[in-house]
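S.K.: In my numbering, the protein residues as written are 81 to 134. Using N, Cα and C, we set each Cβ at its ideal position, and we do this for glycine too. In this text the structure is predicted, and so the values were computed from the model without any measurement.
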Amino acid sequence: AVTDKQYRSAIEVGEELVREFPNSRYAREIVSMMPALRQHLLKEAGHDGPPDDQ
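Structure below.
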């Protein structure tokens, strides 16, 4: 999804994986990538600042 710039889909799948496998190495990697994915999604939507929920 990220390769195709489908950031919303990547975030949704990542959140699901973190919920299902919270202690996995993949979950830690996903959590570390989430801020960048959210920033890409905001840029795509025309909002260049930090996410409103942080």
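What whole-angstrom Cβ distance do residue 97 and residue 107 have, given they're in contact under 8 Å?
M.R.: By one-based count along the sequence shown, residue 97 stands at place 17. By one-based count along the sequence shown, residue 107 stands at place 27. Indeed they touch by this definition, with Cβ atoms about 6 Å apart.
S.K.: Where does residue 86 sit, in a helix, a strand or coil, going by DSSP?
M.R.: Translated into the one-based positions of the sequence shown, residue 86 becomes position 6. Residue 86 falls in the coil class under three-state DSSP.
S.K.: Can you say whether residue 94 is buried or exposed, counting buried as having 16 or more other CB atoms within 10 angstroms of its CB?
M.R.: Looking up residue 94 in the sequence shown gives position 14. Classification of residue 94: buried, given that the 10 Å Cβ count is 16 or more.
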